[in-house]
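A short worksheet on the structure shown next.
2 protein chains.
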Amino acid sequence: MPTQSIDPKTGTKLADPIIDSAASEVEEVVTRSAAAFIDWSEVAAKERASVLEQIATALDSNVDELAKLADQETALGVARLVGEVARTTFQLRLFASELKKGELLKEDLDEKIEGAPPQGRPQLRRSWVALGPVAVFGASNFPFAFGELGGDTASALAAGCTVVVKEHPAHPQLAQRVIELSQNAIVAAGFSKDILLSVRGFESGSTLVKHPLISACGFTGSQVAGKALFNLAVARENPIPFYGELGSINPVFVTENAAKNRGSEIASGFVGSFTLGAGQFCTKPSLILVPAASDFEAEALKAIDPLSFSTLLTPEIQAKFLKDVALVNSKTGVKTLLAPKPKADGFGVSIGLMSVSVEDFLANLHEISHECFGPVALVINYQNEAQLTRVAAQLDGALVTTFQAEVTQDQELLKQLVKIAKHRAGRLVLNGWPTGVAVTRAQHHGGPYPASTNVLHTSVGSYSMMRYLRPISYQDFPNELI
Amino acid sequence: MPTQSIDPKTGTKLADPIIDSAASEVEEVVTRSAAAFIDWSEVAAKERASVLEQIATALDSNVDELAKLADQETALGVARLVGEVARTTFQLRLFASELKKGELLKEDLDEKIEGAPPQGRPQLRRSWVALGPVAVFGASNFPFAFGELGGDTASALAAGCTVVVKEHPAHPQLAQRVIELSQNAIVAAGFSKDILLSVRGFESGSTLVKHPLISACGFTGSQVAGKALFNLAVARENPIPFYGELGSINPVFVTENAAKNRGSEIASGFVGSFTLGAGQFCTKPSLILVPAASDFEAEALKAIDPLSFSTLLTPEIQAKFLKDVALVNSKTGVKTLLAPKPKADGFGVSIGLMSVSVEDFLANLHEISHECFGPVALVINYQNEAQLTRVAAQLDGALVTTFQAEVTQDQELLKQLVKIAKHRAGRLVLNGWPTGVAVTRAQHHGGPYPASTNVLHTSVGSYSMMRYLRPISYQDFPNELI
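Protein sequences appear in the order of chains A and B.
Here this note's numbering is used: the first residue of the first sequence is 1, the next is one more, and so on.
Here this note's numbering is used: the first residue of the second sequence is 1, the next is one more, and so on.
So, in structure tokens, the structure goes:
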């Protein structure tokens, strides 16, 4: 099945279909990637840094063309997409800067101690070795920052791995252009373009994951697709690490004090966060717990324009959005405050809002609390704050959990909630919003399943590079041999 | 099926059989472990350190009783087992010392930067959170150091996880005594004994891995058992990390110069290493590549007493040893230099040695190059040193790869071999032997599959604690709330 570039605003075709990679082509690409790995993994960290910087420069230099192309295929808006290119090149430069600093790749050296074990020991030097060719599956909701040249590709190249990207079918023209610009920059820097190759098509994706020469996978996308590929990775004769960032429901807890003091501000902040990027953020807050006695619902409705449509990325996302909303609506006790509607042409939908009591929410927990891409959210009305800890303890793993609270007055409640929520989320946000993931060293973007398939690793920030390196110990080796 | 304590030297029963844990008992144990986790994971690192030290003291204080009991059930020898208790308590104290130093658990703090992303960011603090109750499957070949209170248990407790141990059926009395002593020390230190619980029986093991409240598994054992449990861990509705250390063939490369200068010493060192602990080390060197023109085989045979028997741990290991040796012997070109024989009573076997050419070895690579517990090894005779890199590039993942070489004369060859071998092993040893794994920070005990199921993590040394902690980021949290 060929890949078709489509304008989500109208549903019309943007270019001729692009033929998927044949099995023989995938085989050739992986073989070339594995051959290129031998040299690339030996390149000094500072030289790898320079290549990342030159890719960043190439993308920055073409930002207008790239943002325009991306907007045609994603309808995410040129201004937002220009900003996303900046985030993507900032990320490439962050890894370059980490490679130059060298702290993350520092070695441990234990000098020889004479005598019998356990005190006595040989000299041991713990260093790092890149894993091998990495398969990267980017996302469509961040076509740059989590796309073909997003965090997975950047961190794998930084680690000294070569990368085979599975191009995303929701932005096929952009995918090819980003890869082309990056390969040109790599070649201009004096390296083989084989360190960054790509394939197209659904079948090519599973072929990559199963290929004996692929050593790890980075994935950002849906729980269904991520779990299916994870299953392939662990069923191999030699299982490989599969770093899947799958998204989650990202609950928000609003205390009584916060609702009283800042109810209107919290309501509009929440609406802004769950509708950002047409509600297609993996950090989208899907659930918010508010006091039943508050004006939250009315304030939230005031912040929503019921006539405005946001354009979703694909017809599949639009169909799933409408189906998921209908499912939640069908549950006992769920009240529709605002029913989302599909737009006549393209993949547009209007904003939706629903509400439910704590009891009815918990009665349908596993059917209601699934991630749903698109501009919709569920308000959970609680009777008393004791219900907050009760709900917190029953929620699935999340990328991020948010608290709106008054730090001094709510201190004890917050401590209780944090004690529970920290075992269920990768990031905790206080009096902010979960959307917006800073690209920095102290970031952690991951979390207990289903937020991610590998609970120890982050897919954003400096440490994401460490997913593609493993430790190795050299025993009694002189320096000149390492 | 009850668990039976047996004397491997005679095959006779040592005590009444112990009844396996019922399913309801496993359920109760895991529930108690999860309940205890809530408090234990909040205990300050220095207090956890103190508990580990008190467990170490309890084991040291009972070393004679423990070594005697272990020798009855394993026949590994009292002197070696006394040393292994010391290694085990050294290990407990290493984690305690790391917890007190705090470097491994250090936080990253990124201060807030005003302005728009990507430069602008909130305050982020990257910290650590313990995973939850951990299931530990110890080994029988190191009944202390990799046993019920071995590295997996010690590192998980250090991380702030609670532990449910699956007791090893090859030393059932020892398992119960070690758990009992440790629980007494934990209670004396003022904590609940529920932070360290245990279950018995084959079924209990898979029940543990599948239990929703178990958050990770540490395993040391055979490739078959490890892979089977790994498959259960990744097939769960919420997959969990499975840290399996499965063992490997651990090749040794001897250069022409080394063979010429130190042939006799290398041969006797090799025999000492592959027969250590009756050849039941996961780091046992099973293959050695030597110049065909050397006297290696004759020198190795001189170092072996063909009439001495070593006692294997279980009848299953003895049977598999004899079967594996027969399989290798049946391959074209394999020459039996010394045929191992079973002892009339108990689980004893004599030492075996086989040899083969590089061509015949490579022709049967996947059937010959499996780990085989027991005192046997395969000598591969090479015609020229170019064959060394050819073999290195075709070997499976290993825990450790060893080089016997002359550093100055062999520098180029060594560099070539290291460049290949570092992608296939977790540790590289120069002019030493792979058996003996120092317990220290710069150690790495793991490696590409089948050496381990999780290529990034070590099961020995300070960093093994990090397997049971995941990062978490606190966004804009004041210190008093964390």
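From the three backbone atoms N, C-alpha and C, an ideal C-beta is built for every residue, glycine too.
Cβ distance (whole Å) where residue i is taken to contact residue j below 8 Å
| i | j | result |
| --- | --- | --- |
| K343/A | V349/A | 7 Å |
| Q387/A | V358/A | 5 Å |
| A130/A | A96/A | The pair is not a contact, with the Cβ atoms about 16 Å apart (cut-off 8 Å). |
| T311/B | F347/B | 6 Å |
| T283/A | L399/A | 6 Å |
| L322/A | L157/A | Rounded, the Cβ-Cβ distance is 39 Å, inconsistent with contact. |
| T89/B | D60/B | 5 Å |
| M465/B | L104/B | 7 Å |
Status (buried if at least 16 other CB within 10 Å, exposed otherwise) for residue i
| i | result |
| --- | --- |
| D39/A | exposed |
| V252/B | buried |
| T530/B | In the structure as shown, chain B starts at 1 and stops at 482, and residue 530/B therefore has no counterpart that could be examined. |
| P169/B | buried |
| I487/A | Residue numbering for chain A in the displayed model covers 1 to 482; residue 487/A lies beyond these limits and cannot be assessed. |
| R121/B | buried |
| K68/B | exposed |
| I19/A | exposed |
| L212/A | Rather than Leu, the amino acid found at residue 212/A in this sequence is Pro. So P212/A ends up on the exposed side. |
| F137/A | buried |
| A44/B | exposed |
| G115/A | exposed |
Closer than 7 Å to chain B by CB, residue i
| i | result |
| --- | --- |
| Y514/A | Nothing about residue 514/A can be read from this structure; chain A reaches only from 1 to 482. |
| V455/A | yes |
| R262/A | no |
| H366/A | no |
| T370/A | First, the amino acid is wrong: residue 370/A is His here, not Thr. Not closer than 7 Å to any Cβ of chain B, the Cβ of H370/A fails to qualify, so no. |
Beta-bridge pairing of residue i - partner residues as DSSP gives them
| i | result |
| --- | --- |
| D110/B | L124/B |
| V567/A | Absent from the model: residue 567/A. The displayed extent of chain A is 1 to 482, so no value can be given. |
| N381/A | V290/A, S357/A |
| K13/A | I6/A |
| A216/A | V134/A |
| V328/A | Note: V328/A sits in no beta bridge, so no partner. |
| A425/B | A398/B |
| L430/A | F403/A |
| G244/B | F219/B |
| P342/B | V349/B |
| S310/A | V349/A |
| N452/B | Per the sequence shown, residue 452/B should be read as Ser rather than Asn. Its beta-bridge partners are E245/B. |
| S198/A | V165/A |
| I18/A | T3/A |
Closer than 7 Å to chain A by CB, residue i
| i | result |
| --- | --- |
| D110/B | yes |
| R424/B | no |
| H168/B | no |
| L307/B | no |
| R427/B | yes |
| K157/B | Sequence inspection shows Leu at residue 157/B; the Lys mentioned does not correspond to that position. False, the Cβ-Cβ gap to chain A never drops below 7 Å. |
| L417/B | no |
| L81/B | no |
| L413/B | no |
Residue i: contacting residues in chain C (beta-carbon distance under 9 Å)
| i | result |
| --- | --- |
| T162/B | In the structure shown, chain C does not exist; the protein chains are A and B. |
Interface positions of the segment 87-99 of chain B facing chain A (Cβ-Cβ less than 8 Å), listed along the chain: For the segment 87-99 of chain B, the set of residues with a beta-carbon nearer than 8 Å to any beta-carbon of chain A comprises R87, F90, Q91, in chain order.
task: Could you list the residues in the segment 430-442 of chain A with a C-beta less than 7 Å from some C-beta on chain B, going in chain order?
output: L430, N431, G432, G436, A438, V439, T440, R441, A442
field: Near-chain A residues of the segment 467-481 of chain B (beta-carbon distance less than 7 Å), N- to C-terminal order
entry: R470, P471, I472, S473, Y474, Q475, D476, F477, P478, L481
message: What are the residues in the segment 116-128 of chain B lying within 7 Å of chain A by C-beta distance?
response: P117, P118, R121, P122, L124, R125, R126
- request: Check distances from the C-beta atoms of the segment 130-147 of chain A to those of chain B and list, in chain order, the residues that come in under 8 Å.
  value: For the segment 130-147 of chain A, residues whose beta-carbon sits nearer than 8 Å to a beta-carbon of chain B comprise L131, G132.
message: For the segment 231-247 of chain A, list every residue whose C-beta sits within 7 Å of some C-beta in chain B, in sequence order.
response: V234, N238, P239, P241
- prompt: Quick one, which residues of the segment 388-406 of chain B are near chain A if we go by CB-CB under 7 Å, in chain order?
  reply: Listed by position along the chain: nothing, the set is empty.
Near-chain B residues of the segment 270-281 of chain A (beta-carbon distance less than 8 Å), N- to C-terminal order: none
task: Taking a Cβ distance cut-off of 9 Å, strictly less, list which residues of the segment 46-65 of chain A are near chain B, in chain order.
output: none
query: Which residues, in order along the segment 328-361 of chain A, keep a beta-carbon less than 8 Å from a beta-carbon of chain B?
result: Along the segment 328-361 of chain A, there is no position whose C-beta sits under 8 Å from a C-beta of chain B.
query: In the segment 202-229 of chain B, which residues sit with their C-beta less than 7 Å from some C-beta in chain A, listed in chain order?
result: none
query: In chain order, what residues of the segment 10-40 of chain A put their CB closer than 7 Å to some CB of chain B?
result: none
task: Report the residues of the segment 166-190 of chain B with a CB closer than 7 Å to any CB of chain A, ordered along the chain.
output: none
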